[in-house]
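Visitor:
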Amino acid sequence: MTARIFRYFWRQWRDELTPAGKIVVWGICVTGLGTIELQMPVYQLFFGLVTLLSVGATAGYLFRPRVSIRGAFPDRGAAGHPLTGHFVVENQRSIPAYDVGLNVLGLPETFETKLDENLVPRIGPGEKVSMAVTVTPKRRGRYQLPDLRAYSCFPFALGRSGKAAKELPPMIVLPSFEPLAGFRLPIGTRYQPGGIVLTSHVGESPEYIGNREYVPGEPIRRLDFRAWARTGKPVVREYQEEYYCRIALILDTSVPVGRRAGPAGYEELEGAVSLTAAIADALSGGEYVIDLFAAGPELHVFRSGRHTANFENVLEILAGVEPAKGDCFSKLSPAVAEELSGVSTAIVVLLDWSPSRQQLINRILEAGCSLKTLLVVRDQTRDAIDASEIPECTVLEVGEIGRGLVEVR
Amino acid sequence: MTTQRSALAVLILVETIAFAYMSETVVFPAMIVAAVLIGWQGRFRYQVSHDRQVILSLVTALLFVVRWRVQPHSLFEDSMAYLSPFLHSLGQFLLVLQTAALYLQYENDVLPNTLPWPGVFVMVSAGDILVVPSQRFTFQLLAIAFTAATGLFFTASARAVAGTERWAFGSGKAALVIVLLIAIGGFAWTGSAALHRYERVLDRMVTELLNPDGAGSAGFPNRSRLGNVAKQKSERSKDVALRVNSAIEPGYLRGKGYHWLVGMPGITSPHTTQWNDTAVEDDNASIGEILRPAGKVGDRFRFELHDTPDRMLGPPMEVWLEAPQWGIYFLPPSASTLVTSEIAVRRDYRQVVSDGDGGVVRYTVQEGAPRAEEPYFDFDEPTGTFSREALTSYPRRDGSVGADPAIKQLVNDVFAGCTTVEEHVQAVEDYFQGNYGYTIGIDIPPPWDPIHYFLRNKPNAHCEYFAQGAALLLRMRGIPTRYMTGFVVAEWNSYGNYWLARNEHAHAWCEAWDPEKGWVIVEATPPAGVPSPEEAPTHRQLWEYLSGQLAKFRHLLAEGGWRWLLLQTLAFLTTPAGVAVTLLVLGYVAVRIWMTRKKVTGPQVAPLVLELQRELQRMDARLNRIDIKRKPGETLTRFANRVSAETGDESIAGWYLDYVDARYDGVPEEKDVAALRERGRNLHPRRRPQVQVASEVAP
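Heads up: the sequence lines are chains F and G, in that order.
Under this note's numbering, residue 421 is the last one in the first sequence; the count climbs by one each step, no gaps.
Under this note's numbering, residue 848 is the last one in the second sequence; the count climbs by one each step, no gaps.
Here's what the structure looks like:
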C-alpha cells in the first residue's frame with residue numbers, strides 16, 4: 013500500500029510536473045517555513061506560490077485536451093540515433109486545446125527525449141495538427157515503451173494535464189556501429205560437406221560451372237553420360253560450391269557478477285556488440301557464411317550470408333543479446349566446437365581473459381582454423397589484462413569503437 | 150528582445166522593488182533597475198563559457214560575503230526588526246546573478262528555466278523582517294506581482310523552448326490568462342489574510358492535533374486563591390508545562406509567591422482566610438521594579454538577580470515554557486543570573502516576571518550559593534509593608550481560624566519543645582505528613598473557612614492546603630513564612646535528554662525564613678502529593694520529544710530568523726552526523742561524476758600503448774602546423790590516405806599505416822614503438838606545392 017502511494021506520488025512528480033512546476037514546488041517548500049512565524053511576511057509569498065500552482069492545476073484540469081492520436085514510430089532504430097515518429101492529433105472537445113504537447117512520459121532510462129519542446133499553441137475544436145515526436149535510444153534491445161501521451165501545459169507550463177494516450181507497439185533498437193576501416197583477416201576456404209544446401213538448410217541448388225574431362229579416381233556419380241556420348245570421352249559435371257569460407261563470429265557476453273549496468277548498459281559489452289556488428293557488416297559484402305555465436309541467458313547460434321539471411325537479421329540477433337552474469341563459455345564452447353570442422357576463420361570478441369576462454373581459443377587453433385582475437389576493454393591503459401598471453405590478439409577500447417576509429421588487421 | 154527576456158526583466162524589477170522597499174535601501178536597487186533596463190534592450194550580449202560563468206559567480210559571491218562581514222546591513226539593531234544582514238547580502242548577490250542573465254548569450258536565445266528560483270530567495274531575504282501593517286500590505290502586493298511574473302516567465306519559457314516565440318493569444322486565451330492571474334492574486338491575498346487573522350485559532354488546532362489531550366493551563370494569577378494550583382494540576386494534567394535542559398535535576402522551580410491568602414472561590418464564609426486585610430493585589434497590577442540587563446550573552450540579555458552577584462555559579466539550566474502567556478520566570482530557589490531575550494524584566498520580593506505583553510519561551514538560569522539575606526523585608530521592623538509583621542500575620546478576628554482555641558492548642562502540640570526554625574519546620578512537616586492523606590478535590594462544607602476546616606477535621610487534601618496550613622501554624626509561632634507556587638521538575642525524557650514538568654507537577658509549598666539559612670522550603674504535603682522522579686512510557690516520551698522539537702524550532706526561527714536557520718544548518722554540518730550526511734552527499738555526487746565521466750580505476754599495465762599514443766599525438770601536432778587535422782570519426786587509414794593526397798609525401802602516410810599495424814595488429818611491441826619514434830623524428834611534413842597553371846597553358 014505504502015509502495016503504491018509512493019509510486020503514485022513519484023509518477024505525479026515525474027510526469028505531471030514540468031521542471032518549472034518542480035521549481036515552484038521547491039519554492040513552496042522554502043517559503044513554507046515562513047508560515048511558522050507570521051511576524052515576517054514570507055508566508056504571503058508562500059500563499060502566492062501555492063495559489064499559482066493550484067490555480068494552474070485547476071485551469072489545466074478544466075482545459076485538459078481530449079484528442080485522438082494517429083501515427084507510429086518506426087518499428088526499429090539504432091542505439092544513439094534519434095528516432096522520430098510522426099503523429100496526427102485531433103482535438104475532440106468543443107473548446108480549443110492550448111499548449112498541447114505529445115511525448116512518451118516515463119521512458120525507460122535507456123531512452124532520452126526532450127519534453128515540452130513540441131508544444132502546439134492552439135488546436136481548435138475538431139482541428140487536426142501534425143506533430144513529430146523524437147526519442148533517442150541509448151542502448152540496443154527490444155522495448156515496449158509506455159503509452160504516447162497528449163497533454164497540455166496550459167496555462168503557466170507548470171504541469172501536464174490530460175490523459176489522452178496511444179499504445180505503442182514493441183520497438184527494436186539495433187546496435188549502432190561504425191563501419192570498419194582496413195578490415196583484413198586471415199581467410200581461407202574449407203570443404204563444406206553437403207555444400208551450401210546443408211549449410212543453410214534452405215534447399216538451394218549448387219551452382220553448375222561446366223564440364224571437364226574425367227580424371228581417373230574421381231567419383232563416377234558426377235559423370236555426365238550425355239556429354240560422354242557426344243564427345244566420346246568421359247566427362248564430369250563441375251560444381252563450385254563445396255569450398256567456401258565460413259567465419260565463426262564468437263561474442264563474449266560475460267560481465268562480472270554484482271556489477272550494475274549504467275543507462276547505456278555495460279560499456280565493454282556494448283562496445284563488443286558494436287564491434288561484432290561492424291565485423292558482420294564488413295563481412296556481409298563478401299562471399300562468406302557467418303556463424304554468429306553468443307551466449308547470455310540464452311545461447312544464440314545464427315548463420316547468415318550467401319542468401320541464407322541478411323545483415324539486418326544479424327543486427328536483430330545482436331539487439332537481443334543479453335549479458336551473461338559470470339562465465340558464458342560453458343554454453344558457448346560446445347556449440348562452437350560442433351561447427352569448427354567447417355569453419356575457416358574464427359573471430360573471437362572477448363571481454364576478459366580466463367582459463368575457459370583460453371580453452372576455447374586452443375580448440376579453435378587445434379581445429380586448424382585461422383584466428384583473430386579482439387579484446388574489448390574500457391580503458392586499455394588501466395584495465396588489468398595482460399593481452400600478450402592471448403593468441404592473435406588486438407586490444408580495442410570501447411571509446412575508439414564508438415567513434416569508429418578502430419581498424420582490424 | 151524576446152518575450153522570455155522581457156518576463157525576466159519584469160520579474161527582477163518586482164524583486165528589486167520589494168527588496169528596496171523592505172530594506173529601505175536606494176542605491177543598490179537603483180543600480181539593479183538601471184542594469185535591468187539596459188540589459189533588457191539587448192545591446193550588450195556576451196558569450197561566456199559555462200566554466201567562466203561559474204568562476205564569475207563565485208567571485209561575485211565572495212565580494213558579497215566580504216561586504217556582509219565588513220558592513221552588515223541592519224535597519225534597527227536594537228529591536229532586531231531586520232533579522233538577518235546575511236540574507237540581505239544574499240538577496241543582493243542573487244539579484245546581481247539574475248540581472249547578469251540578461252547580458253548573457255544563451256543557446257537559441259532561450260534563458261534557463263531556473264531563473265525564478267533565486268528570485269524566491271530574493272523575496273525571502275526581502276521579507277525577513279518584522280513588519281508593520283503598511284509593510285505587510287505592500288509586501289502582499291509585491292508577492293502577488295512576483296507570483297504573476299513567475300507564471301508569465303514560465304509561460305514565455307515554454308514558448309521559447311517550443312520555438313513559438315509569439316504569444317499566439319487570441320480566441321479568449323489572453324483573457325483567460327488575465328482572469329487566472331486575477332484569481333491567483335485574489336486567492337493569495339485571501340489565504341494570507343485568513344492565515345494572519347486566524348493564526349491563533351490555527352495554532353491552537355495544530356497544538357491540539359499534536360496533543361489530543363488538549364493544551365493550555367490554568368495559570369498563575371497575581372491574586373492567590375485556594376484552588377488555583379489544583380486547577381492547574383487537574384486540567385490537562387498530562388500536558389507538558391515546561392522543559393529544562395540541565396545537568397542536574399531541577400527540583401523546585403518557583404513561579405509566584407504570596408504572603409497573603411484570599412479565600413477559596415465559591416466559599417462565602419464570613420471568616421474566609423485572609424491574612425492581610427488590606428494588601429489584596431489586583432490581578433492586572435504591575436509587579437515590582439524593572440530590572441535592566443547587566444550584559445549580553447550572544448543575542449540575549451543577562452540579568453543579575455541579586456545586587457551582589459555570585460562568583461560561583463552552578464550549571465546552566467535552559468528552561469522552555471509551553472505557556473509563555475503566564476509571563477512568569479520559573480526559577481530555582483537560589484537563582485542568581487538570568488539570560489533571556491527580553492531587554493527588561495520585572496522583579497519583586499517573590500518573583501521575576503516578564504516586562505512584555507506575553508513572556509518568553511526560553512531563558513537560561515544559573516544558581517548561586519544559598520543566601521541568608523532578604524533584600525526586601527526588614528525583619529527588625531515591627532510594622533510596615535516589608536516588615537516582619539507582613540510575613541507573620543494571620544487571621545485573628547473572632548471566629549477566624551487564628552482565634553480558634555483548638556488551633557492554638559494544635560500549634561502548641563505540634564511545636565512542643567521546638568526552639569529553632571529548623572526544628573519548627575521539621576515538626577510541621579512531620580505533623581502533616583504523619584496525620585493526613587493526599588487527594589485532589591476536597592469538599593469544604595459551608596460556611597467553614599477552608600483552612601480552618603482542614604486543620605480541625607484533618608480531611609485528605611492537596612498541596613495548597615498543606616502549604617497554607619503549614620504557613621499558618623508557623624506564623625502563629627512568629628516565624629516569617631510565605632506561600633509559593635510553581636513546579637517540581639523531576640521527570641526525565643530519555644529521547645531529548647531533558648527534564649520536564651507536566652501540569653500535574655504544579656505544586657504549592659511554604660517557605661520559612663531561617664536567619665541562618667535564609668528562605669527554606671517547608672514540604673508539608675504527604676509524599677504521594679509531591680512530584681517524584683519518574684519516566685513516561687517510551688512512545689509518549691518520543692511523541693513529546695518530537696512535538697517539543699517542533700515547538701522549539703518554531704520559536705528559534707521566530708527569534709533568529711532565516712539567518713538562524715542557515716547557521717544551524719552550517720552548525721549541523723560540523724557535527725559528526727552532519728559530517729556523515731555531508732560525506733554521503735559528496736560520495737553520491739562523486740559517484741555520479743565518476744559514472745558520467747566513465748572513469749575506471751585499476752593498475753596501469755600497458756605503458757607501450759601510452760607511448761604509442763604519445764607518438765601519434767606528436768605526429769598529429771606536426772601535421773596540425775600545416776593545417777592538416779584528423780577529423781572526428783576519421784580512421785587512421787583514411788587519414789593516411791588524405792595525408793598522402795594533401796602532402797604528396799608517402800612516408801608520412803606510411804608512418805600512419807605502420808602505426809595502425811603496431812596498434813591494432815596484436816599487442817604493441819617495444820621495437821615497433823621505437824621504430825615509429827625514430828621515423829617520426831625524421832619526418833617534416835609539407836603541403837604539396839600548388840601547380841602553376843599559367844606555365845601549363847603557356848604556348
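Yeah, the Cβ is synthetic: ideal placement off N, Cα and C, and Gly gets one too.
#1: Contact criterion: CB-CB distance below 8 angstroms. Does G:H237 meet it with respect to chain F?
#2: Going straight from the alpha carbon of G:W189 to that of G:L301, what length do you get?
#3: Quickly, what does DSSP pair G:A650 with across the bridge? List them, please.
#4: Can you list, in chain order, the residues of its chain with a C-beta nearer than 7 angstroms to that of F:D159? Leave out the 5 residues immediately preceding and following it.
#5: One question on the structure: do G:I600 and G:L623 come within less than 8 angstroms of each other, judged by their Cβ atoms?
#6: Would F:L131 pass as an interface residue toward chain G - the criterion being a Cβ-Cβ separation below 8 angstroms?
#7: Pull up the DSSP beta-bridge partners for F:P149, would you.
#8: Can you name, in chain order, every residue of its own chain whose Cβ lies under 8 angstroms from the Cβ of G:F535, other than the five neighbours on each side?
#9: Would you report the Cα separation of G:Y407 and G:C659, rounded to the nearest angstrom?
#10: Using a Cβ-Cβ cut-off of less than 8 angstroms, give me the residues of the region 253–277 of chain G that come near chain F, in sequence order.
#11: Does G:G635 come out as helix, strand or coil in the three-state DSSP assignment?
#12: I'd like to know whether the C-beta of G:E348 is nearer than 8 angstroms to at least one C-beta of chain F.
#13: Tell me which same chain residues have a C-beta within less than 7 angstroms of the C-beta of F:H213, skipping the five on either side of it?
#14: Which residues mark the beginning and the end of the alpha helix (DSSP H) in which G:Q196 is found?
#15: Sort out for me which residues DSSP pairs F:I11 with in a bridge.
#16: Which residues, taken in chain order from the region 267–280 of chain F, show a beta carbon closer than 7 angstroms to some beta carbon of chain G?
#17: With a threshold of 8 angstroms between beta carbons, is F:Y163 in contact with chain G?
#18: Output yes or no for whether 8 angstroms exceeds the beta carbon distance between F:A379 and F:F305.
#19: G:S228 to G:V280, Cα distance in whole Å?
#20: Listing by chain order, which chain F residues have their CB less than 8 angstroms from the CB of G:Q289?
#21: Going by DSSP, which residues form a beta bridge with G:W641?
#22: So F:L311 is in the beta strand (DSSP E); what residue range does that whole segment cover?
#23: Comparing the C-beta of F:V79 with each C-beta of chain G, is any distance below 8 angstroms?
#24: Return the Cβ separation of G:A619 and G:V550 in integer angstroms, given the expectation that the two are a contact with Cβ distance under 8 angstroms.
#25: Just to make sure I have the definition right: I need the residues of chain F whose C-beta is within less than 9 angstroms of the C-beta of G:M466. Which are they?
#26: How far does the beta strand (DSSP E) with G:M180 in it extend, from its first residue to its last?
#27: Does G:S503 come within less than 8 angstroms of chain F when only Cβ atoms are used?
#28: Would you say F:R172 and F:T30 are within 8 angstroms of each other, going by their C-beta atoms?
#29: With respect to the alpha helix (DSSP H) encompassing F:S368, which residues constitute its N-terminal and C-terminal limits?
#30: Can you look up G:A620 in the DSSP assignment and give me helix, strand or coil?
#31: Taking the C-alpha atoms as reference points, what is the distance between F:T288 and G:L211?
#32: Going by other Cβ atoms of all chains shown within 10 Å of its Cβ, with 16 needed for buried, is F:C41 buried or exposed?
#33: How far does the beta strand (DSSP E) with G:E453 in it extend, from its first residue to its last?
#34: Measure the C-alpha to C-alpha separation of G:R520 and G:F235 and round it to an integer number of angstroms.
#35: Is the Cβ-Cβ distance between F:D111 and F:F58 less than 8 angstroms?
Guide: Taking the structure as given:
#1: As a first step, residue 237 of chain G must be located in the second sequence, where it is residue number 88. It does not: the Cβ of G:H237 has no partner Cβ on chain F nearer than 8 angstroms.
#2: Looking up residue 189 of chain G in the second sequence gives position 40. Looking up residue 301 of chain G in the second sequence gives position 152. Rounded to whole angstroms, G:W189 to G:L301 spans 16 angstroms at the Cα level.
#3: On the second sequence, position 501 is the one that residue 650 of chain G refers to. Bridge partners of G:A650: G:L391.
#4: The residue labelled residue 159 of chain F in the question sits at position 147 within the first sequence. Correct list, in chain order: A177, K178, E179, L180.
#5: Taking the first residue of the second sequence as position 1, residue 600 of chain G is located at position 451. Taking the first residue of the second sequence as position 1, residue 623 of chain G is located at position 474. Not in contact: G:I600 and G:L623 (Cβ atoms no closer than 8 angstroms).
#6: Mapped onto the first sequence, residue 131 of chain F falls at position 119. Judged by the 8 angstroms Cβ criterion, F:L131 is in contact with chain G.
#7: One-based indexing of the first sequence puts residue 149 of chain F at position 137. Paired residue(s): F:F123.
#8: For the purposes of this step, residue 535 of chain G is taken as residue 386 along the second sequence, with counting starting at 1. If we look at G:F535 and ignore the five residues flanking it on each side, its Cβ neighbours are Y498, Y525, F526, D527.
#9: The residue labelled residue 407 of chain G in the question sits at position 258 within the second sequence. The residue labelled residue 659 of chain G in the question sits at position 510 within the second sequence. Those two C-alpha atoms are separated by around 10 angstroms.
#10: N262, T263, P265, W266, V269, F270, M272, V273, G276, D277
#11: Indexing the second sequence from 1 puts residue 635 of chain G at position 486. G:G635: strand per DSSP, three-state reduction.
#12: As a first step, residue 348 of chain G must be located in the second sequence, where it is residue number 199. Yes, G:E348 counts as interfacial toward chain F.
#13: Taking the first residue of the first sequence as 1, we reach residue 213 of chain F at position 201. Confidence at F:H213 is low in this model, with a pLDDT of 39, below 50, so its placement is unreliable and the value that follows should be read with caution. Closer than 7 angstroms at the Cβ level, and outside the excluded window around F:H213, lies no residue.
#14: Within the second sequence, numbered from 1, the residue matching residue 196 of chain G stands at position 47. Run containing G:Q196: none; DSSP gives neither H nor E here.
#15: For residue 11 of chain F there is no data in the structure shown, the boundaries of chain F being 13 and 421.
#16: G274, E279
#17: Translated into positions along the first sequence, residue 163 of chain F becomes position 151. Output row for F:Y163: interface = no.
#18: The sequence position of residue 379 of chain F within the first sequence is 367, counting from 1. The sequence position of residue 305 of chain F within the first sequence is 293, counting from 1. Going by C-beta atoms, F:A379 is not nearer than 8 angstroms to F:F305.
#19: Within the second sequence, residue 228 of chain G is the residue found at index 79, counting from 1. Within the second sequence, residue 280 of chain G is the residue found at index 131, counting from 1. For G:S228, the predicted structure reports a pLDDT of 43, less than 50, and the residue's modelled location is therefore unreliable. A value from the coordinates is still provided. Near 12 angstroms, if we compare the C-alpha coordinates of G:V280 and G:S228.
#20: For the purposes of this step, residue 289 of chain G is identified with residue 140 of the second sequence, where counting begins at 1. What G:Q289 touches in chain F: P53, Q56.
#21: Your numbering for residue 641 of chain G matches position 492 in the second sequence. Its beta-bridge partners are G:W648.
#22: Residue 311 of chain F sits at position 299 when you count from the first residue of the first sequence. It spans 311–316 - the beta strand (DSSP E) in which F:L311 sits, taken as one unbroken run.
#23: Within the first sequence, the letter at position 67 stands for residue 79 of chain F. Not an interface residue.
#24: Taking the first residue of the second sequence as 1, we reach residue 619 of chain G at position 470. Taking the first residue of the second sequence as 1, we reach residue 550 of chain G at position 401. Not really, about 13 angstroms apart at Cβ, beyond 8 angstroms.
#25: Along the second sequence, one-based indexing puts residue 466 of chain G at 317. Here the premise fails: no neighbours, minimum Cβ distance about 26 angstroms.
#26: By one-based count along the second sequence, residue 180 of chain G stands at place 31. Element bounds for G:M180: not the beta strand (DSSP E) but the alpha helix (DSSP H), 176–190.
#27: The residue given as residue 503 of chain G occupies position 354 in the second sequence. Chain F contact via Cβ: absent.
#28: Working through the first sequence from its first residue, we reach residue 172 of chain F at position 160. Working through the first sequence from its first residue, we reach residue 30 of chain F at position 18. Yes, the pair counts as a contact, with Cβ atoms nearer than the cut-off.
#29: Within the first sequence, residue 368 of chain F is the residue found at index 356, counting from 1. Segment 367–378, the alpha helix (DSSP H) holding F:S368.
#30: Position 471 of the second sequence, counted from the start, is the residue given in the question as residue 620 of chain G. Reduced to three states, the DSSP call for G:A620 is helix.
#31: If you number the first sequence from 1, residue 288 of chain F lands on position 276. If you number the second sequence from 1, residue 211 of chain G lands on position 62. Cα-Cα distance, rounded: 54 angstroms.
#32: Position 29 of the first sequence, counted from the start, is the residue given in the question as residue 41 of chain F. Exposed is the call here.
#33: For this step, residue 453 of chain G is matched to residue 304 along the second sequence. First-last of the beta strand (DSSP E) with G:E453: 449–453.
#34: For this step, residue 520 of chain G is matched to residue 371 along the second sequence. For this step, residue 235 of chain G is matched to residue 86 along the second sequence. The straight-line gap from Cα to Cα measures roughly 45 angstroms.
#35: On the first sequence, residue 111 of chain F is found 99 positions in, with the first residue counted as 1. On the first sequence, residue 58 of chain F is found 46 positions in, with the first residue counted as 1. Not closer than 8 angstroms, so no.
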